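Numbering (our numbering), first residue to last: 109 to 189. Here a beta-carbon is modelled for each residue, glycine too, at the ideal position from N, C-alpha and C. Keep in mind it's a predicted model, so treat the numbers as computed, not measured. I have placed the structure first, in the form of structure tokens, so that the comments after it can refer back to it.
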Amino acid sequence: MSDLTPIDQIAERVERLLLRYEELNRTNALLYKEIEALSQDRDSLRSRLSAARARVDALLARLPDAGAASAASLNAPRGSL
109 MSDLTPIDQI AERVERLLLR YEELNRTNAL LYKEIEALSQ DRDSLRSRLS
159 AARARVDALL ARLPDAGAAS AASLNAPRGS L
């Protein structure tokens, strides 16, 4: 390699840099695709979490009030508990 002229050495280095640049561009494109997929997964999980919270809230709303339940149990005849 030492028998190459400085111009040839520079040309080789430029070629290596161009190959590296293309490789980095491909990697960057793959990373952007991965970001997009992960963003869609995140949005889907957020939606599922919101739906689950709504279901839990609806179930909690159907539960009797804790104060009313304890008052009802105090007023109930002894044999009914």
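Between the C-alpha atoms of L112 and L139 there is a straight-line separation of about 38 Å.
Residue state for L127 is assigned as helix, using DSSP reduced to three classes. Distance from the CA of A160 to the CA of Y129, rounded to the nearest whole angstrom, comes to 46 Å. Looking at the backbone, the Cα of L146 and that of S158 are separated by about 18 Å. D173 and R156 have their C-alpha atoms spaced approximately 28 Å apart.
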